[in-house]
Amino acid sequence: MRAAGCYPCDQQARTDLPPREDVVHTEHWRVAHAFDSSLPGWLVLLPTRHVRSFTDLAPAAADELGGLVRRLSVALESVTGCVKTYLMQFSEAEGFSHLHLHLVPRMADQPESARGPRVFAYLGADEQQRVAEAERDAIALRLRAALP
Ligand SMILES: [Zn+2]
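For the sequence shown, position 44 (counting from the first letter as 1) is numbered 843 according to the numbering used here, and the numbering increases by one without interruption.
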């Protein structure tokens with residue numbers, strides 16, 4: 800079910816997750832606010848089991864995904880004022896092979912240099928530029944309340 804030394808699996812095993820690590824969860828998915836993003840509302844959707852590709856997902860987990868993406872997108876538009884959301888999945892970063900999907904708000908004033916795939920300019924931000932823990936928690940709670 801879980802893999803040793805896998806960050807998402809370690810987080811999944813905790814029973815005291817703060818809102819930023821547990822925006823919403825179901826049997827199959829847990830949603831976190833990205834910890835190293837400078838863009839408020841950058842979400843990461845994680846299967847609750849350790850899987851490395853879409854083909855490893857349980858059919859029920861796969862079936863649930865579309866509805867979850869839509870509901871979170873509605874909440875993101877409401878909370879961040881974004882005009883739409885981006886959805887991406889690579890799971891290529893060292894130590895992050897656990898399947899994860901990035902669901903990212905696309906703001907109206909987002910510069911051309913951070914649109915489309917270039918939105919990753921907001922990830923891997925320096926410590927000082929990251930959305931602070933307290934703000935991530937606050938966003939998580941507002942998203943939870945705004946979920947349809
Ligand atoms: Zn894992």
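Built from N, CA and C at the ideal position, the CB exists for glycine as well. Note that this is a predicted model, so its numbers are computed, not measured.
Query                                                                                                        : Result
Beta-carbon spacing of A939, H832 below 8 Å                                                                  : yes
CB contact flag (P846, L898, <8 Å)                                                                           : yes
Completely contained alpha helix (DSSP H) runs for the region 800-884, where each covers 4 or more residues  : 806-812, 858-879
Identified DSSP bridge partners for P904                                                                     : T884
Between the CA atoms of L867 and A860 - distance to the nearest angstrom                                     : 10 Å
From R819, V822, R829, residue whose alpha carbon lies closest to that of C808                               : R829
Where L940 sits in the DSSP three-state scheme                                                               : helix
contact_flag[the region 886-900, the region 928-935] where n(CB pairs < 8 Å) is 3 or more                    : no
Distance, M800 Cα to P904 Cα                                                                                 : 31 Å
Cβ pair V823, L922 closer than 8 Å                                                                           : no
Nearest to V878 (by Cα), restricted to the options S890, A944, L886, E893                                    : A944
A812 classed as buried or exposed, judged by whether at least 16 other C-beta atoms fall within 10 angstroms : exposed
Closer than 7 Å: residues whose CB approaches a heavy atom of ligand 1                                       : R801, A802, C805, P807, C808, H849, H897
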